[in-house]
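Working notes for the structure below.
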Amino acid sequence: KAFDGDPETFRHTSWAEGENAPGHPHHLTIDMGAEYTIVGFSYLPRQDRHVPDGMIEDWRFDVSQNGDDRETAAEGSFGNILNDPTRRITNFTSPKRCRYIRLVSLSGVLGKPYAGAAEINALIQD
137 KAFDGDPETF RHTSWAEGEN APGHPHHLTI DMGAEYTIVG FSYLPRQDRH
187 VPDGMIEDWR FDVSQNGDDR ETAAEGSFGN ILNDPTRRIT NFTSPKRCRY
237 IRLVSLSGVL GKPYAGAAEI NALIQD
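In our numbering, the protein residues as written are 137 to 262.
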């Protein structure tokens, strides 16, 4: 649901309170079905605003050609995403050839242990 082109659907980690809450890091790996050269990615947090707990703050983005051997393409923070939950676009410093993409949530806004995404998209080089 995070790679379906519909901003109204979303993927969210398991939800639990207290000691049973899942902790970071979380990750979502997407098989794009073929190899592409990508120059970045975009992230859209869930748009219903009912659960800001799933908003990713600090992240890492990995790429892979075979699904096992991964390379980190970029790392960063979405910053102020709680107050501005719009699509975030990250461009890589160099293009990456891959079939699999992985967004790793290193921390959530407000220190919450959850992660979610309405859309994750690879920016494919023309």
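Virtual Cβ for every residue (Gly too), placed ideally from N, Cα, C.
- Looking only at Gly141, Asp142, Tyr179, His148, the smallest Cα-Cα distance to Arg224 is reached by Tyr179.
- When secondary structure is reduced to three states using DSSP, Glu153 falls in the coil class, being assigned neither helix nor strand.
- In summary, Leu246 is exposed, with fewer than 16 beta-carbon neighbours lying within 10 Å of its beta-carbon over all protein chains present.
- Within the same chain, and ignoring the five residues on either side of Thr145 in sequence, the residues whose Cβ sits closer than 6 Å to its Cβ are Lys137.
- A residue is called buried once 16 or more other Cβ atoms fall within 10 Å of its Cβ, and Gly215, having fewer, is exposed.
- A Cβ-Cβ contact shorter than 9 Å links Ala251 with Gly190.
- Taking the C-beta atoms as reference points, Arg206 is found no nearer than 9 Å to Asp194.
- In terms of CA proximity to Gly212, Thr229 leads the group Thr229, Asn219, Ser200, Gly203.
- By the 16-neighbour rule on beta-carbons within 10 angstroms, Glu171 is exposed.
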